[in-house]
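Chemist: Got a structure for you, written out below as structure tokens; questions coming shortly.
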Amino acid sequence: MRKGILLALITLVSICLILFGCSKVPEKDISKITSVKAIDVTKIIFSDGRGRNKPFALEDKQKIHEFMGLLDGYIIKQENNHQPSAGWIHMADFYNGNEKLMRITFTNPLEIDGVYYNIVKGQLSTETLDKFISSANSSWKG
Numbered sequence: 002m003r004k005g006i007l008l009a010l011i012t013l014v015s016i017c018l019i020l021f022g023c024s025k026v027p028e029k030d031i032s033k034i035t036s037v038k039a040i041d042v043t044k045i046i047f048s049d050g051r052g053r054n055k056p057f058a059l060e061d062k063q064k065i066h067e068f069m070g071l072l073d074g075y076i077i078k079q080e081n082n083h084q085p086s087a088g089w090i091h092m093a094d095f096y097n098g099n100e101k102l103m104r105i106t107f108t109n110p111l112e113i114d115g116v117y118y119n120i121v122k123g124q125l126s127t128e129t130l131d132k133f134i135s136s137a138n139s140s141w142k143g
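Going by the working numbering, the first residue of the sequence shown is number 2, and it counts up by one from there.
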């Protein structure tokens with residue numbers, strides 16, 4: 002009888018570990034997921050999906066560092082089985098020289114290089130992005 006209880010307990014623990022331990026997707030900040038560091042970014046091109054603004058190339062190192070810091074204030078987690086989003090408001094392409102490092106489309110959830118992520122800590126809003134871009138480009142309309 003003891004053997005049967007022990008076997009049932011081991012089986013139950015194994016099933017729980019498989020179901021809950023292996024399916025957990027880690028939560029990380031954006032730079033850890035993408036391996037892109039602020040120091041490597043020389044240019045960010047912001048695009049407006051609403052059609053209000055022409056693409057804007059940010060090349061000021063201090064503002065790039067500020068934006069990367071803003072992004073790293075958010076903790077994200079990869080979403081499984083997401084249906085592609087229809088439409089977007091902001092998109093940013095990150096470059097080192099002429100080499101494209103990554104693309105972030107600011108939808109809900111975030112799309113980074115074609116992979117969707119939920120923001121689990123922090124709240125990234127359209128207003129926050131417009132405010133930042135306007136601080137670097139006074140002609141940007143929020």
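For every residue, glycine included, the Cβ atom is placed at its ideal position computed from N, Cα and C.
In whole angstroms, what is the alpha-carbon distance linking residue 33 and residue 39?
Modeler: If you number the sequence shown from 1, residue 33 lands on position 32. If you number the sequence shown from 1, residue 39 lands on position 38. Computed Cα separation, rounded: 12 Å.
Chemist: Using C-beta distances below 8 Å, list every residue in its chain close to residue 107, excluding the 5 sequence neighbours before and after it, in chain order.
Modeler: Within the sequence shown, residue 107 is the residue found at index 106, counting from 1. Hits under 8 Å: 89, 90, 91, 92, 93, 125, 127 and 130.
Chemist: Are the beta-carbon atoms belonging to residue 58 and residue 46 less than 8 Å from one another?
Modeler: Within the sequence shown, numbered from 1, the residue matching residue 58 stands at position 57. Within the sequence shown, numbered from 1, the residue matching residue 46 stands at position 45. Their beta carbons are under 8 Å apart, which means residue 58 touches residue 46 by this criterion.
Chemist: Which term fits residue 60, buried or exposed, when burial requires 16 or more other beta carbons within 10 angstroms of its beta carbon?
Modeler: What you label residue 60 is simply residue 59 of the sequence shown in a count that begins at 1. The residue in question, residue 60, is exposed, as its Cβ has fewer than 16 Cβ neighbours within 10 Å.
Chemist: What I want to know is whether the C-beta of residue 64 ends up closer than 7 Å to one or more non-hydrogen atoms of the ligand SAM.
Modeler: No copy of the ligand SAM appears in this structure; indeed no ligand is present at all.
Chemist: Along the chain, which unbroken stretches of the beta strand (DSSP E) at least 3 residues long are found entirely within the region 50 to 103?
Modeler: 57 to 59, 76 to 79 and 91 to 97
Chemist: If you draw a straight line from the C-alpha of residue 75 to the C-alpha of residue 100, how long is it?
Modeler: Against the sequence shown, residue 75 aligns to sequence position 74. Against the sequence shown, residue 100 aligns to sequence position 99. So the two alpha carbons sit approximately 25 Å from each other.
Chemist: Please classify residue 42 as buried or exposed, where buried requires at least 16 neighbouring CB atoms within 10 angstroms.
Modeler: Position 41 of the sequence shown holds residue 42. Buried, since its Cβ has 16 or more Cβ neighbours within 10 Å.
Chemist: My guess is that residue 142 and residue 53 are in contact by the Cβ rule of under 8 Å, so how many angstroms apart are they, rounded?
Modeler: Translated into the one-based positions of the sequence shown, residue 142 becomes position 141. Translated into the one-based positions of the sequence shown, residue 53 becomes position 52. Confirmed, about 5 Å.
Chemist: Can you name the start and end residues of the beta strand (DSSP E) that residue 125 belongs to?
Modeler: On the sequence shown, residue 125 is found 124 positions in, with the first residue counted as 1. Counting along the chain, residue 125 falls outside any beta strand (DSSP E), and DSSP gives it neither H nor E.
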